[in-house]
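All remarks here apply to the structure that follows.
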Amino acid sequence: MHIITATDTDKVFKALADASRRKLLDLLYATNGQTLGELAEHLDMTRQAVTQHLSLLEEANLVATSWRGREKLHYLNPVPLYEIYERWIAKFERSRLRALRDLKRRLEGERDG
Amino acid sequence: MDKTKFVYVTYIRTTPEKVFEALTKGELTRQYWMHDNVSDWKVGSPWKHVDKASAQVRIVGEVLESAPPRRLVISWASPADAASKHKHSRVAFDIERVEDMVRLTVTHDELEAGSEMERGITNGWPRVLSSLKSFLETGKPLNVFAGKEKR
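Here the protein sequences come in this chain order: C and F.
First residue of the first sequence? That's 14 in the working numbering, and the numbers climb one at a time after it.
First residue of the second sequence? That's 5 in the working numbering, and the numbers climb one at a time after it.
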């Protein structure tokens, strides 16, 4: 297994535990590389509040930024989500598949026997 | 034609030198990326991305910038588009030390929006970078193509 430190994972889950922040990620998924102003247009909150949400997402490494001249552009960074997928989802998928395979073998075994 | 850009970031507990090496040495890339990255990594030289299993060349391009261990920029195209420069996208690897970690930023731009290549790389980079992180931190890569065979 690869290492994800507890604090990194906590930051990701905390960042995701808020509807506005999830909406920001959805907005970036739809159109990557947006400015604060563009993102704020879609949310019913002050620019300061959007800035705070974005900085939490950046700290969790779910948003990466890049400058275009004086404009700060925000990009969706799905790498930590992929790590959580690997750690928390793929593992359980694999055990479910194993359970199905075992069930199939048992049923086929019963039929044969 | 619309061009699009993606930025991927991962933090790895290692050194910039090891990250640069892991991106440019075929015997290392094959372990976590299932492909050999082959080039002499000099500006102007060609590079290719070769499938370990089939030995087929999947991606070709040119080394645009090389400043080990901080930065590497390459062009990126499918072999079929090798001669059509306007179809080449660009990948920049920026490697910075951040406290006891390395921040690796992969910026993939000049990509044709909605192309097959865009679909491929948006699916690929998160897997490859997670696998690279795991490889450098634990010595074990992830199975980066897990799930692909299901489709």
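Just so you know, even glycine gets a beta-carbon here, dropped at the ideal spot from N, CA and C.
This structure is a prediction, so every number in the text was calculated from the model and none was measured.
- F:Ile16 has its alpha-carbon roughly 8 Å from the corresponding atom of F:Leu108.
- For F:Gln60, the three-state secondary structure derived from DSSP is coil.
- Residues of the segment 33-55 of chain F whose Cβ lies closer than 8 Å to any Cβ of chain C: none.
- C:Asp39 has a beta carbon lying at 9 Å or more from every beta carbon in chain F.
- Annotated as distal: F:Ser79 and F:Val47, with beta-carbon spacing of 9 Å or more.
- Note: F:Phe10 is bridge-paired with F:His112 in the DSSP secondary-structure output.
- With the rule of 3 Cβ pairs closer than 8 Å, the segment 62-77 of chain C counts as touching the segment 20-30 of chain C.
- For F:Glu114, the closest C-alpha among the options F:Ser93, F:Val11, F:Val13 and F:Asp44 is that of F:Ser93.
- A distance below 6 Å between beta-carbons, with the five flanking residues on each side excluded, links C:Ala73 to the following residues of its chain, in chain order: Lys24, Val25 and Ala28.
- By the CB criterion at 9 Å, C:Leu37 and C:Tyr88 fall outside the cutoff.
- For the options F:Val61, F:Ser49 and F:Pro20, the alpha carbon positioned closest to that of F:Asp40 is the one of F:Val61.
- Nearest Cα to C:Gly50 within the set C:Leu116, C:Asp21 and C:Lys85: C:Lys85.
- With a 10 Å radius around the Cβ and a threshold of 16 neighbouring Cβ atoms, C:Gly82 comes out exposed.
- Using a Cβ-Cβ cut-off of 9 Å, F:Lys9 is close to Asn45, Gly46, Ser79, Leu86 and Tyr88 of chain C, given in chain order.
- For F:Val13, a Cβ of chain C is located within less than 9 Å of the residue's own Cβ.
- With contacts defined by Cβ atoms closer than 9 Å, F:Val95 and F:Val110 form a contacting pair.
- In terms of beta-carbon proximity, F:Leu146 lines the interface with chain C, with at least one pair separated by less than 9 Å.
- In terms of beta-carbon proximity, C:Glu99 lines the interface with chain F, with at least one pair separated by less than 9 Å.
- Taking 9 Å as the cut-off, the Cβ atoms of F:Val13 and F:Pro73 do not count as close.
- Spatial neighbours of F:Phe10 in its own chain (CB-CB distance under 6 Å, excluding positions within 5 residues in sequence) are listed in chain order as His112.
- Taking 9 Å as the threshold, the shortest C-beta distance from F:Leu133 to chain C falls below it.
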